[in-house]
Structures are given as structure tokens and as C-alpha cells.
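With the numbering used here applied, the sequence shown has no gaps in its numbers, which climb one by one up to 1055 at the end. C-beta: ideal position from N, C-alpha, C; glycine also. See structure below.
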Amino acid sequence: MAVYCLSSQFLDAPRPPAHACNRGLLSEGLGTLTCALLGSPLGVASSAANACILELSQCGSRRTVQLAAILGLVLGLSPKLTAIISSAPLVIYGAILCVTYTVATATGVTYFQHGHMDSGRNIFNIGFTMFMALVLPRWFPSCSPTPCPQGSRALMCSCCLC
894 MAVYCLSSQF
904 LDAPRPPAHA
914 CNRGLLSEGL
924 GTLTCALLGS
934 PLGVASSAAN
944 ACILELSQCG
954 SRRTVQLAAI
964 LGLVLGLSPK
974 LTAIISSAPL
984 VIYGAILCVT
994 YTVATATGVT
1004 YFQHGHMDSG
1014 RNIFNIGFTM
1024 FMALVLPRWF
1034 PSCSPTPCPQ
1044 GSRALMCSCC
1054 LC
């Protein structure tokens, strides 16, 4: 739902009504069901990165999205074209994600203007989230110098009460 509101904000459109969000969630659910029936381990979901591409390109017409969907289907059916796209260096993908998630984060910060920032609860929520985002990546490597055990024996020992 947040991605729908984010997309409408990027395109200077009014917030989508509840029935439009319900249709979007229904179509995502049907897409996930179709993926499951076809044997895909992943479902379909709206993406913040795609919403940020709307902000960067300012092109959110229905025809453009339909053309991109058809292009995605064609690329998925052609192994040669898929190999060309997947041979792009990881640096390219990293740069795209950096730009798109920067836009998503900055847009999320702009929502603070609509909230009650004098509330202790809101200040705690924001501060705790930012603190944990900065501290946890540094703490995880120091808590265990060896990698976690893998395999079915480790899974059985950690999941079963035997």
C-alpha cells in the first residue's frame, strides 16, 4: 500500500482511493498465485525501486507500464536476451539501487512533516530505528567470528526440541 501512495506522490496525483488499492492488492495476489501454480519460488509484489524510477523518469502513463511489462515477458522467454541483461556488471545494479533507494528514503523523510514530531513516542521510534540501522551492521561480525553451521543436522538441532 505504501508503494501505491509513494507512486501517486511522485506523479503529483491524488492518493489512490481504497477500492483502487484493493484492486492492486488483488492483482498482486492473483499474480503470486499464478507464479505458485507455474512453480516459481517467488511471488509478485510492488517495488519501491520501481516507484522511484517513476520519480526519476516522470513517466507514469499506463501505456509505458504495459510496454515495460511486455518487454519483461519477451526478455523472460528469450534466454539469449536474458543472458545479455544478466551479464551486466554488479556495479551497474548497485548504482541503480543506490539511486532509487536514495529517492525512496528521502521521500520517506518528507512524511515527517505530516506527523506530530513533539511526541516522545514518535521521536523514540525514529531515533531507535536510525540507531539500530547504524549499529547492527557493525555488531553482527563481532558476535560470532565463525560462520553459522549449515546443513540438516544444524537445522534439526535448532528447530526440534529433542
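Taking Leu-968 as the centre and dropping the five residues before and after it, the same chain places the C-beta of Leu-974, Thr-975 and Ile-978 closer than 8 Å to its C-beta, in chain order.
Rounded to the nearest whole angstrom, the CA to CA distance from Leu-1029 to Leu-990 is 21 Å. Taking a cut-off of 8 Å for Cβ pairs, the stretch 953-961 and the stretch 1003-1022 do not touch, as fewer than three such pairs fall below it. Counting C-beta atoms within 10 angstroms of its own C-beta, Ile-946 has 16 or more neighbours from the protein chains shown and is therefore classed as buried. Straight-line measurement puts the Cα of Met-894 at about 11 Å from the Cα of Arg-916. Put simply, the backbone Cα of Ala-962 is about 20 Å away from that of Phe-903.
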